[in-house]
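The opening residue of the sequence shown carries number 421 in the numbering used here; numbering runs sequentially from there.
Backbone N, C-alpha and C define an ideal beta-carbon position, used for all residues, glycine too.
Here the structure is a predicted model, which means the values were calculated and not measured.
The structure appears below as structure tokens.
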Amino acid sequence: MPPLIAKWEQILGVTVSSYYLQRMKTRWGACNDRAATIRLNTELVKKPRNLLEYVIVHEMLHLIARSHGPRFVDLLDGYYPTWREARLELNELPLAADAPLVPDGSSAPTDISTPG
Ligand SMILES: [Zn+2]
């Protein structure tokens with residue numbers, strides 16, 4: 421596991437079975453809570469580390485709270501208090517060089533979409 425994921429496994433007390441880097445046009449990350457796998461957008465590796473870390477923490481928290489309900493927000497506030505700034509920054513960045521900005525809208529509960 422990359423050090424960032426290993427670090428957050430310790431902090432959150434969860435186990436990620438595997439992770440994948442993928443080119444994704446509509447989201448920064450995704451989590452399969454049943455398989456305990458997370459997917460990260462390849463574009464993230466070019467972004468500031470705090471943004472990558474936010475997405476990792478966000479996806480790993482889905483192993484504890486599946487939806488983006490109040491419990492999920494509480495967990496984010498507790499573990500990664502600067503998440504709102506990170507999310508804002510991410511929303512201003514294109515997901516891929518050739519991807520149009522994704523309009524506001526609902527997405528699957530385990531996805532970070534733009535604007536999340
Ligand atoms: Zn999410």
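What number of angstroms, rounded off, separates the C-alpha of Arg459 from the C-alpha of Leu441? The residue given as residue 459 occupies position 39 in the sequence shown. The residue given as residue 441 occupies position 21 in the sequence shown. Leu441 has its alpha-carbon roughly 6 Å from the corresponding atom of Arg459.
Extent of the continuous alpha helix (DSSP H) to which Gly489 belongs: What you label residue 489 is simply residue 69 of the sequence shown in a count that begins at 1. Segment: none, Gly489 is in no alpha helix (DSSP H) and carries neither H nor E.
On the DSSP bridge assignment, give the partners of Gln442 in chain order. Taking the first residue of the sequence shown as position 1, residue 442 is located at position 22. As DSSP reads the structure, Gln442 sits in a beta bridge with Asn461.
Verify whether the separation of the beta carbon atoms of Glu509 and Leu471 is less than 8 Å. The residue labelled residue 509 in the question sits at position 89 within the sequence shown. The residue labelled residue 471 in the question sits at position 51 within the sequence shown. Yes.
Does the beta-carbon of Gly498 have 16 or more other beta-carbons within 10 angstroms, so that it is buried, or is it exposed? Walking along the sequence shown from the start, residue 498 turns up at place 78. So Gly498 ends up on the exposed side.
In whole angstroms, what is the alpha-carbon distance linking Leu483 and Asn452? As a position in the sequence shown, residue 483 is number 63, starting the count at 1. As a position in the sequence shown, residue 452 is number 32, starting the count at 1. Distance between the alpha carbons of Leu483 and Asn452 is about 8 Å.
Indicate the three-state DSSP secondary structure (helix, strand or coil) for Ala426 in the structure shown. Numbered from 1 along the sequence shown, position 6 holds the residue referred to as residue 426. In the structure shown, the three-state DSSP call for Ala426 is helix.
Just curious, the alpha helix (DSSP H) that Ala506 is in, first and last residue? Here residue 506 refers to the residue found at position 86 when the sequence shown is read from its first residue. Note, Ala506: alpha helix (DSSP H), 503 to 511.
What is the C-beta distance between Leu513 and Trp503, in whole angstroms, given that I count them as a contact (C-beta under 8 Å)? Locating residue 513 in the sequence shown gives position 93, where the first residue counts as 1. Locating residue 503 in the sequence shown gives position 83, where the first residue counts as 1. Going by Cβ atoms, the distance from Leu513 to Trp503 rounds to 16 Å, so no, they are not a contact pair.
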